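Following my numbering, the numbering of the sequence shown begins with 498 at its first residue and continues without gaps.
We put the beta carbon where it would ideally sit given N, CA and C, even for glycine.
Because the structure is a prediction, the values reported are computed rather than measured.
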Amino acid sequence: MSDVLRVEVPDGVRGGRGLSPGARAVALSLAETLFASESGPPSPERLEWLGDDLDHFFAHAGGRARSVFVLCITAIDLVAPMFIRRLGRFSRLSLSERFAALTRFEESPAGLALFGAKAALCVVWYEHPAAAREVGFDGLCLVRRSA
Numbered sequence: 498m499s500d501v502l503r504v505e506v507p508d509g510v511r512g513g514r515g516l517s518p519g520a521r522a523v524a525l526s527l528a529e530t531l532f533a534s535e536s537g538p539p540s541p542e543r544l545e546w547l548g549d550d551l552d553h554f555f556a557h558a559g560g561r562a563r564s565v566f567v568l569c570i571t572a573i574d575l576v577a578p579m580f581i582r583r584l585g586r587f588s589r590l591s592l593s594e595r596f597a598a599l600t601r602f603e604e605s606p607a608g609l610a611l612f613g614a615k616a617a618l619c620v621v622w623y624e625h626p627a628a629a630r631e632v633g634f635d636g637l638c639l640v641r642r643s644a
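Shown next, in the form of structure tokens:
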């Protein structure tokens with residue numbers, strides 16, 4: 498998106514390997530499901546931004562963080578469809594089927610994988626400048642000032 502700039506820090510951690518194209522596709526199908534609203538799924542541009550920023554995040558987070566995230570989304574991709582009696586991959590289900598699968602998956606003991614993936618996705622998703630507007634944040638502190 499043109500209104501979002503990436504700030505590169507000269508002394509920042511050197512980037513390594515980000516997400517593979519397959520892991521990125523699964524992560525974006527999960528994000529599309531998690532961040533859908535009554536008006537529908539997020540825009541393709543916002544999902545593309547998320548994919549780029551997620552890739553950048555995991556390129557700098559290190560191999561262990563990336564591996565745990567990939568394990569979480571792989572578990573979701575392979576196991577979640579079984580909770581709605583479907584064979585195949587989560588990333589290939591329709592949006593409504595993905596929502597139903599996630600709802601049941603989250604309530605199961607395997608739901609810990611969803612918790613891990615959600616944590617990473619939310620950290621990056623809510624970094625976007627539009628996120629503050631979406632949740633109604635006005636930039637002011639919530640502490641009452643004494644008169």
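Grab me the residues of residue i's own chain with a C-beta within less than 8 Å of its C-beta, minus the 5 sequence neighbours each way, in chain order.
| i | result |
| --- | --- |
| A445 | No answer is possible for residue 445: it lies beyond the span of the chain, which begins at 498 and ends at 644. |
| R583 | L590, E594, A598 |
| S605 | F580 |
Is it buried or exposed for residue i, if we count other Cβ within 10 angstroms and need 16 for buried?
| i | result |
| --- | --- |
| T530 | buried |
| L609 | exposed |
| V632 | exposed |
| A572 | buried |
| L618 | buried |
| F612 | exposed |
| L637 | exposed |
| P578 | buried |
| F634 | exposed |
| A616 | exposed |
| A645 | This structure cannot speak to residue 645, because the chain is shown only from 498 to 644. |
Quick one: residues in its chain with C-beta nearer than 6 Å to the C-beta of residue i, no 5 flanking neighbours on either side, listed in chain order?
| i | result |
| --- | --- |
| G513 | A556 |
| L525 | L544, G548 |
| V523 | I570, D574, S588 |
| P518 | none |
| V567 | A520 |
| R586 | D574 |
| D550 | V621 |
Near residue i, what residues of its chain come up, given a Cβ to Cβ distance below 7 Å and the 5 sequence neighbours on each side ignored?
| i | result |
| --- | --- |
| D552 | G515, L516, R521 |
| F554 | V621 |
| A562 | F555 |
| M498 | Only weak support exists for where M498 lies, its pLDDT of 45 falling under 50; the coordinates are left without a value. |
Contact criterion: CB-CB distance below 9 Å. Does residue i meet it with respect to chain B?
| i | result |
| --- | --- |
| G537 | Although the question refers to chain B, the structure presented lacks it and comprises just one protein chain. |
What are the start and end residues of the alpha helix (DSSP H) that includes residue i?
| i | result |
| --- | --- |
| A556 | 541-558 |
| E594 | 592-603 |
| F612 | 608-622 |
| S526 | 518-531 |
| S629 | One point to set straight first is that residue 629 is Ala, not Ser, in the sequence displayed. Per DSSP, A629 belongs to the alpha helix (DSSP H) from 626-631. |
For a test of the three-state rule: what should DSSP assign to residue i, helix, strand or coil?
| i | result |
| --- | --- |
| G585 | coil |
| S564 | helix |
| R514 | coil |
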